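Mind the numbering: the sequence shown is residues 97 to 894 in the working numbering, read in order.
For reference, the structure discussed in these notes is given below.
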Amino acid sequence: MTSTRGSWSGRDWVKVWGPAALLVGLACGLGFAILAIMQSREQALLPYPSVGALRQVQQGVRGSSEGGQLSSGVYTILASSLSAWELGAYRTQSVTLSVNGAAQVVSIAAVTPSLPVVLGVMPHVGRFFTDADAPPAEPDMLLADAPVAIISHELWVRRFGGDPRVVNSDILLDTRPFRVIGVAPAHAMYPAGTDVWVPMTFGGLAATDHGGYYLRAVARARQGAADQADAEWDRLQPALAAASPMNRDIHIIRPAFRDHVLGDAARALRLLGLLALAVVVLVGINIAGLMLGWETLREREHAVLFALGATMRALRWRVGAMLLPVWGAAALIAAGVAWATALAARGYVLKHGVADDVPLLGPGVLAPAVVAPGIVLAAASIPTFVRLSQRQFGKELLGAGAGVTTSSRARTALRWLLRWQYAFALVTLAVWMVVARDFLTTVRTPAGFDATDVEAADVSLSANLYASEEGATAVMQQAIAALEQGGSRAAVVLRLPVIDAGGGIWFRHAGAVGTADTASHDVTFNVVSSAYFDVMRIPTVAGRVFSESDRPGGVPVAVVNRAFARKFFPDGSTVGREVTLTPLPTVVRRIVGVVDDVAQGGVGVAPTPAVIVPFAQLPVRRLHVVQRRADNTGYVPRIADVIARLDPRIGVANALPFTARLRQAMSGMLLRLWLVSVLAGLGCVVAGTGALVQVSLATAEREKEFAIRIASGATTGRIVRLLAYEMAVDVAWASGAAAVILVLGSGLVPELAAWPVPRLIVAVFAGALALLVSAGLGSARPLWRVLHIKPSLLLRGV
């Protein structure tokens, strides 16, 4: 590596400090880039002041931590009774937007005028709603007399070219004119992805409606009322129960708004932050060990310089000057890696549609990435400076022999640095192994359907064009008939599997045989046409699925999934039982079949009990059309073309293969796994190379010791067993430390708490085996030298 008699050559510098600069630059560049990417995404989704003071308000069943949407009656009580909180509510749906004769499906949200105030946002152009703009809420938000709207910044740029004259112009929502009064700031209005906002308030029947659960609410504690804010919620329960018998078993849940919006991204950000910190610490330990070894190799040179009049301060400056080019090289590498990582991530998210707001890194991020290597190198040099200050150069200069002698204190320091390096490497490796296993388990979990050769499109039927349920049903039946030409199969569905969240609904049933159960239960709800199960190839477990005989005026029927049958009818008597769904019209529906479980609301989400009703008996206007292409290669009509021929005023959007939409749904998960894998992989590379270099150095320093042992009669096998034992002890200690870190971390980090402790420990010890291999490789070359050179030559310092 180096000579203890001469100066460092350029080749020696590149061999030793070149890899050090590379590791420091990679760790700092990747760490800062990944954190900046995740934080930019968080800031894009949460551009609100004092976001920590915001709460998502949900209505749940007593005894359960799961929450859902509010009724307008409950919201009215909350808004009028809470003095320490500001409340805003919203509801969403899809409508058809017409601009200059071109129709498209857009997402619309009806919001209370107080919602922008609660969020703390200001309009980009124009103004926001006032109480005078907001009519009483109606079942269909567009039937109310609310002729004003606010459009999103994205829609303003995409459809209107960013023209400010759009304010005070008219747009058509489901063929009704709405006056645009403002443009929302980019990414700042809520919920994310909304194209148009219209106002609503609650009065009349809506203020006393406790059976319709269609509202979501956000709350912010008023300034100066923090002491009484939380206590107010508990005092509201009697008022809610007195307002309606339907509120007897409910309670209000207030999760943090940040966690509600970010979901998995919030957990991923914390996990990535921990991994980035672990990798940087790992690199620092690696460099600290390398510098200690370097100083030990040059102790005689330093002793000669000290004897020639060099001060201790000059020796420290000499070490520091040696680190300056390392910092310069590491800073350049960190800046390049940070920029390239951000560029790659931006390309990924634009390609897969995760987001369009991941910026290229600017000076605000590149500057810390450049400074960080200097901080890491400065911290890593502290043990070397301490060791240099403790040197007794007079004794070391008089030491006999030309071999390198290492004090027990320096050797102990090196060994402890190596152990901690192993421990942090095992933490990063264990986290990666568990995350990768969870991901593989998720993607391999049966989805309950087959989306091969299936196309899906979003369709919105205007209530003004199709005011009657018969008209909406008729036009969709015509579309299905046209799409089934050439042997294809087509159907309509309210909520797509996996992609759409499972909307909740309350139901009551007669209970098991011989019992009475009149309690309400919250389950997932869906509406499908008769061919849907055939199109998606969802297996039937018991009974039958819908048929053409399940028509309006016939016996009200329903199909449930396997999870529903297991939970509510474990005796197997599901088919033939009766349920009542609310807030739908009070109709007793007979269960005619049980189908396999299908996930709703994301890849890997566990299926929940679900009730499915036929489209013919409950038509909906905001739906999806799915079509399975026939096996032959003949003509297959496209969904958008068929709808356009039937009625060009019907909005169609996202007409894509279902597999493409699934890839979009999984892209966020894949991005997070990629980022975690990069950090964990870098940590393992750092640990592996550091172990190889430091074990090699430590073994080389002990050549004289081994020579003495061999000269005293020790066999080569005994030397190998001694080294193997020491390596095993170091790795075992590091494995225990890593396990303790992960177990203690599981109490602080929810992501680790979700993983079983045995799984974490197994991952730690699997990584320990890899480290043993790396340590063995690191000691192989110097050990070969010890075992193949005569002890007499080693003892003479040759």
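All residues carry an ideal CB built from backbone N, CA and C; glycine is no exception.
Fair warning: this is a prediction, and the values are worked out from it, not measured in the lab.
Sorted by chain position, which residues of the same chain lie with C-beta nearer than 7 angstroms to residue i's C-beta, five sequence neighbours on each side aside?
i, result
"residue 382", "119, 517, 782, 786"
"residue 226", "209"
"residue 369", "131"
"residue 66", "Outside the displayed range of the chain (97 to 894) lies residue 66, so it cannot be described from this structure."
"residue 771", "130, 368"
"residue 103", "Confidence at residue 103 is low in this model, with a pLDDT of 46, below 50, so its placement is unreliable and no value can be given for it."
"residue 523", "374, 834, 837, 838"
Based on DSSP bridge pairs, tell me the residues matched to residue i.
i, result
"residue 813", "None, per the DSSP bridge assignment."
"residue 347", "156"
"residue 657", "691"
"residue 181", "317"
"residue 723", "551, 586"
"residue 200", "193"
"residue 273", "268"
"residue 556", "718, 747"
"residue 621", "707"
"residue 638", "690"
"residue 752", "552"
"residue 205", "188, 293"
Whose CA, out of the options, lies closest to the CA of residue i?
i, options, result
"residue 575", "144, 756, 741", "741"
"residue 623", "637, 633, 651, 587", "587"
"residue 391", "439, 350, 351, 479", "479"
"residue 759", "548, 293, 432", "548"
"residue 670", "146, 647, 637", "637"
"residue 644", "706, 550, 625, 676", "625"
"residue 896", "484, 297, 710", "Because the chain spans 97 through 894 in this model, residue 896 falls outside it and cannot be assessed."
"residue 387", "405, 412, 370, 408", "412"
"residue 420", "776, 477, 368", "477"
"residue 417", "754, 744, 558, 481", "481"
"residue 298", "208, 774, 313, 245", "208"
"residue 754", "806, 346, 551, 813", "551"
"residue 152", "143, 145, 141, 164", "164"
"residue 719", "355, 634, 697, 568", "568"
Among the residues of its own chain, which have a CB less than 6 angstroms from the CB of residue i, if the five just before and after it don't count?
i, result
"residue 316", "149, 150, 182, 214"
"residue 579", "586, 723, 733, 738"
"residue 688", "639, 640, 653"
"residue 255", "195"
Mapping DSSP to helix, strand and coil, what is residue i?
i, result
"residue 334", "helix"
"residue 310", "strand"
"residue 249", "helix"
"residue 382", "helix"
"residue 115", "helix"
"residue 566", "helix"
"residue 734", "coil"
"residue 287", "coil"
"residue 630", "helix"
"residue 609", "Note that residue 609 scores a pLDDT of 36, beneath 50, so its modelled location is shaky; the value from the coordinates is reported in the next line. Three-state result, residue 609: coil."
"residue 144", "coil"
"residue 167", "strand"
"residue 544", "coil"
"residue 211", "helix"
"residue 415", "helix"
"residue 672", "coil"
"residue 352", "strand"
"residue 592", "coil"
"residue 432", "helix"
"residue 150", "strand"
Can you name, in chain order, every residue of its own chain whose Cβ lies under 8 angstroms from the Cβ of residue i, other than the five neighbours on each side?
i, result
"residue 53", "The structure shown has nothing for residue 53, since the chain only spans 97 to 894."
"residue 650", "713"
"residue 515", "826, 829, 830, 833"
Using a Cβ-Cβ cut-off of 8 angstroms, state whether residue i counts as contacting chain C.
i, result
"residue 227", "Within the model displayed, chain C is absent; a lone protein chain is all it includes."
Counting pairs of Cβ atoms below 8 angstroms between the region 584 to 596 and the region 688 to 704, do you hit three or more?
-> yes
Is the region 194 to 209 touching the region 742 to 761, taking contact as three or more C-beta pairs under 8 angstroms?
-> By the Cβ rule, the region 194 to 209 counts as touching the region 742 to 761, because three or more pairs are nearer than 8 angstroms.
At a cut of 8 angstroms, does the region 688 to 698 reach the region 655 to 664 through at least three beta carbon pairs?
-> The way I'd put it, the region 688 to 698 does touch the region 655 to 664; three or more beta-carbon pairs between them come closer than 8 angstroms.
Validate contact between the region 284 to 291 and the region 565 to 574 using beta carbons, cut 8 angstroms, 3 pairs = no
Determine, using beta-carbon pairs with one atom in the region 663 to 675 and one in the region 710 to 730, whether at least three such pairs fall under 8 angstroms.
-> no
Would the region 264 to 278 and the region 303 to 313 be scored as touching if the rule is three or more Cβ pairs under 8 angstroms?
-> no
Segment contact, 8 angstroms Cβ cut-off, at least three pairs: the region 179 to 196 with the region 336 to 346 = no
The region 329 to 336 contacting the region 171 to 191, beta-carbon criterion three pairs below 8 angstroms | Taking 8 angstroms as the limit for Cβ pairs, the verdict is that the region 171 to 191 does touch the region 329 to 336.
Cβ contact (3+ pairs, closer than 8 angstroms) linking the region 344 to 351 and the region 424 to 439 = no
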